[in-house]
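Read through the structure below, which is laid out as structure tokens, and then see the notes.
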Amino acid sequence: MSSISMEKSASMGLKDLLGYLLDSDKVDSVLTMRRIPETGAWDLALISDSGNLGEAEPLAPVMTVNAGKELSSLSLSGKRIAAVLKPCELRALIERVKREQGSLENVLTISHTCSGVFPLEQAADGSMDELLPKYEKVSSMGEIPSSVRDTCKACQHFIPMDSDILLSAAATQRPGEGCVLYLGSEKAEEALKEFKGNRDDRVFDPSSLDRTAAARKKERDRLFTSMENDCSGLDGLLNVFGKCVGCHGCSRVCPICYCALCDFESMNFDYNLPYFEEHLSRKGALRLPADTVMFHLGRLTHMSFSCVGCGMCSDVCPVGIPVAAVFSRTGERTASLFDYVPGRSLKEEIPVMVFKEEEFSDLG
Amino acid sequence: MISGEEDRMDAAAGTPYMLRVENGPEGSVLELLGHVIGSGKADALILPFRVPSGDSFAWILFSDVSLLKEAVPFPATMPVQGGKALRSLTRKERGNLKVIALMRPCEIRAGIELSKLGQVNTENLILASYDCPGAVKLEDYVSDPASCDSSFSDMRSRGEPSGNVRSTCSTCMDFSMVDADIHFGYFGIEDGRMLVVPGSPAGRALLEDLNLEEEEGLLPQWKAEISRLAEKRAATREETFRETEKRISGFDGMLATFSNCIGCHNCQSACPICYCRLCYFDSEVSGNDPEALMTAAEKRGGISLPPDRIMFHTGRLAHMSLSCVSCGQCSDACPVSIPVADVFSFVAERTQRTFEYKAGKSDGEALPLRRFLKTELDGVHDMVKDAESEAASHE
């Protein structure tokens, strides 16, 4: 597999690549972060006219929506799409493809090493612009920017797994000094046949990011220890999730939660008065609406082992519950029992979809 | 004074009662509610309680009166709209138990709108409200409950919204008596006493035989204070709506206001009126299938994702602004601080005024879109004619 180096910033290099893919009709559209010209707001854009790439900000450290979630639905159209994805978005896409919610057939994935994203509030109120220079400086030194989502600071999978193209952006060179595209598949080789740049057969060396990985691990241990202390037992759960207002925004923005009608919003959880009255006579009191904590337990059961830790859930929570920390940690612990890492490989089957005659025999 | 509120106060079902509240209104109100349960006139209550972490509140339906002392009848903030709580309980049918719910005026109004929409069954439900100075923004409350409790207490004593109160509270004209069965009035009445106003025969029936004192001429001072506060609110309302109108005018205005929207639909979830299990904008008929989106991207050179976010807000306005009670839940729920409630409360005033309809009244008036009038909105016909002739003149 080859690599292509360009004497331009990572962002410019990516934009050139996207323009090339559109102009040479290798794809029908490209998916990238964009800055809305009229208002300066950020969004995810599906662009099919390379003339509109001026608005693109493919490496913007912001996530208004998990792009893996959006891409997976679009990929079912059969049209060809090249998508710039953060590592967790790529993993989310893989998890969705496993659930038949997307297809990789006509998708060219472009990913990059990631230093984390700013919380939505900061992207929306303009403070992200002020903090960006420091973010770039800190991440180029392999350190963790202080202003990103807590799950970003603790993320262990900030190097993309298995994308068609990997762009090296963080910690390997100073911003503006040049970038390298590592081609990881036949699909990528074929698509970039005519793309201009200096070719050699360099291979991406993740060890250059070992220092960052160590810092992230430390932060992860700190975040999860503190979270486990707060969240343990029923009392802990009630303490952390007690102020949930039941908006279900967390599940709505979650890339793994794909159900058109969530079980918890269906008739299964729509109680009639006799249920309430019977409950009341037994317990003396109950909360309205019901099943506040149950919703989270259910969601944990349904999807936590596929949680990619993107942090969208915590970011949209109106009361600041650290949903992502809880789900990411629980997911990691359950997935590890199966030696499973969500999004690592399409070949790895979802643990609950696999029947093994002999499993967890020590539990018996 | 707001037209309607004066009438409502006068039409109150008989003479109001008085409650002595020397040790603070909370304790006396809870004691009163306890007596109602104790006397068998009601079976259960819906009141706010602090959540375990202490930084928010939850609605609790309870029949065990020993829990009363932990209830917080006048919470500083509104995490879950009371209308939504009522919806979760009584949507399907009337209950066997008689339940009293003590909520803010806008929550009562939402409950009444929902009953017109078939989502709340008010039989066997007694709605009680109280003079409301506003609700503190949820995000602010969660980050500093103690200081918000204190600023709310201050707001209550002055009867005015201030500090980190929701912006829709500052423009709210329905902060006192609404169409509840019972209303607790205290603005403008000196410490130590509170009015308990029956708003309906059901409310009066509940309060009779509780040996409550009749009010000693407190009505005039209360009404005068409500009037005074209403005038101030009316001025703020007019000014705020003028600003909002400018801000959202035209597509550019809508784009500027909703540009940061990420399509999370928290506003819709938090809204007491939005009850659809499957929102139109999530359904197949809204044209968000992959093929349609890819085609749109090719035709236009690009599209924004998730798709149709401004359309969602426009659609939600069309669907529910006639029932909007301007409670402000939507703004509080928004993760990117879009002033959704300011927009919706302004548009709601306009749409409701157009149909001479006021959301939240239980006077038997049908929802405008559910009644057919042979002659209606005469002016629209002329507007369409003018627009057509103008379009023709440009061809």
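These protein sequence lines map, in sequence, to chains A and B. Under my numbering, the letters of the first sequence match residues 1098 to 1461, in that order. Under my numbering, the letters of the second sequence match residues 4 to 398, in that order. Using N, Cα and C, we set each Cβ at its ideal position, and we do this for glycine too. The structure displayed is predicted, hence computed values, not measured ones.
{"Query": "Where the beta strand (DSSP E) containing residue 268 of chain B begins and where it ends", "Result": "It is not in any beta strand (DSSP E) - residue 268 of chain B carries neither H nor E in the DSSP assignment."}
{"Query": "Local conformation of residue 21 of chain B per DSSP, three classes", "Result": "strand"}
{"Query": "Three-state secondary structure assigned by DSSP to residue 116 of chain B", "Result": "helix"}
{"Query": "Helix, strand or coil at residue 335 of chain B [DSSP, three-state]", "Result": "helix"}
{"Query": "Beta-carbon neighbours of residue 258 of chain B, restricted to chain A and to distances below 7 Å", "Result": "1135 and 1136"}
{"Query": "Span separating the alpha-carbon of residue 327 of chain B from that of residue 1442 of chain A", "Result": "48 Å"}
{"Query": "Continuous alpha helix (DSSP H) assignments of at least 4 residues falling wholly in the segment 1195-1232 of chain A", "Result": "1217-1222"}
{"Query": "CB contact below 7 Å: residue 5 of chain B versus chain A", "Result": "In this predicted model, residue 5 of chain B has a pLDDT of only 45, less than 50, meaning its place in the structure is not dependable; the value taken from the coordinates is given anyway. Residue 5 of chain B does not count as touching chain A."}
{"Query": "In chain order, each beta strand (DSSP E) run of at least 3 residues that lies wholly inside the segment 1324-1391 of chain A", "Result": "1382-1385"}
{"Query": "Residue 1370 of chain A versus residue 69 of chain B: straight-line alpha-carbon distance, rounded", "Result": "23 Å"}
{"Query": "Reduced DSSP secondary structure (H/G/I, E/B, other) of residue 1276 of chain A", "Result": "strand"}
{"Query": "Rounded straight-line distance, which links the Cα of residue 320 of chain B to that of residue 358 of chain B", "Result": "15 Å"}
{"Query": "Segment contact, 8 Å Cβ cut-off, at least three pairs: the segment 91-99 of chain B with the segment 158-176 of chain B", "Result": "no"}
{"Query": "Residue 1421 of chain A beta carbon less than 7 Å from that of residue 1414 of chain A", "Result": "no"}
{"Query": "Top-ranked residue by Cα proximity to residue 1099 of chain A, from A/1263, A/1431 and A/1327", "Result": "A/1263"}
{"Query": "Residue 378 of chain B, DSSP secondary structure in three states", "Result": "coil"}
{"Query": "Three-state class that DSSP yields for residue 360 of chain B in the structure shown", "Result": "coil"}
{"Query": "Best match in B/263, B/375, B/344 and B/54 for proximity to residue 145 of chain B [C-alpha to C-alpha]", "Result": "B/54"}
{"Query": "Nearest-angstrom beta carbon gap, residue 180 of chain B and residue 28 of chain B [assumed within contact, 8 Å]", "Result": "Contact flag wrong, Cβ pair sits at about 16 Å."}
{"Query": "Beta strand (DSSP E) runs contained entirely in the segment 179-222 of chain B, provided each spans 3 or more residues", "Result": "185-188 and 196-201"}
{"Query": "Span of the alpha helix (DSSP H) around residue 1127 of chain A", "Result": "That residue, residue 1127 of chain A, is in no alpha helix (DSSP H); its beta strand (DSSP E) goes 1126-1132."}
{"Query": "Residue nearest to residue 1223 of chain A in terms of C-alpha spacing, selected from A/1159, A/1419 and A/1373", "Result": "A/1159"}
{"Query": "Local Cβ density within 10 Å of residue 2 of chain B, reported as buried at 16 or more and exposed below that", "Result": "A query on residue 2 of chain B cannot be resolved here, the shown segment of chain B reaching from 4 to 398 and no further."}
{"Query": "Residues from the segment 324-350 of chain B in contact with chain A, defined by Cβ distance under 7 Å", "Result": "335, 336, 338, 339 and 340"}
{"Query": "Listed by chain order, chain B residues near residue 1386 of chain A by CB distance under 9 Å", "Result": "62, 83, 87, 88, 90, 91 and 92"}
{"Query": "Residue 1398 of chain A - DSSP class collapsed to helix/strand/coil", "Result": "helix"}
{"Query": "Backbone CA spacing between residue 1112 of chain A and residue 1102 of chain A [nearest angstrom]", "Result": "14 Å"}
{"Query": "Members of the segment 1104-1133 of chain A that neighbour chain B once the beta carbon cut-off is set at 7 Å", "Result": "1125, 1126 and 1133"}
{"Query": "Contacts of residue 252 of chain B in chain A (Cβ-Cβ under 8 Å)", "Result": "Simply none; closest approach about 15 Å."}
{"Query": "Given 8 Å, three or more beta-carbon pairs between the segment 108-126 of chain B and the segment 359-369 of chain B", "Result": "yes"}
{"Query": "Within chain A, the residues that residue 66 of chain B reaches when beta carbons sit closer than 9 Å", "Result": "1377, 1378, 1381 and 1382"}
{"Query": "Close beta carbons around residue 258 of chain B, own chain, < 8 Å, minus the five adjacent residues each side", "Result": "313"}
{"Query": "With 16 other Cβ atoms within 10 Å as the buried cut-off, status of residue 1253 of chain A", "Result": "exposed"}
{"Query": "Residue 1351 of chain A versus residue 1237 of chain A: straight-line alpha-carbon distance, rounded", "Result": "29 Å"}
{"Query": "Within 7 Å, strictly: CB atoms of residue 1169 of chain A and residue 1193 of chain A", "Result": "yes"}
{"Query": "CB contact below 7 Å: residue 1430 of chain A versus chain B", "Result": "no"}
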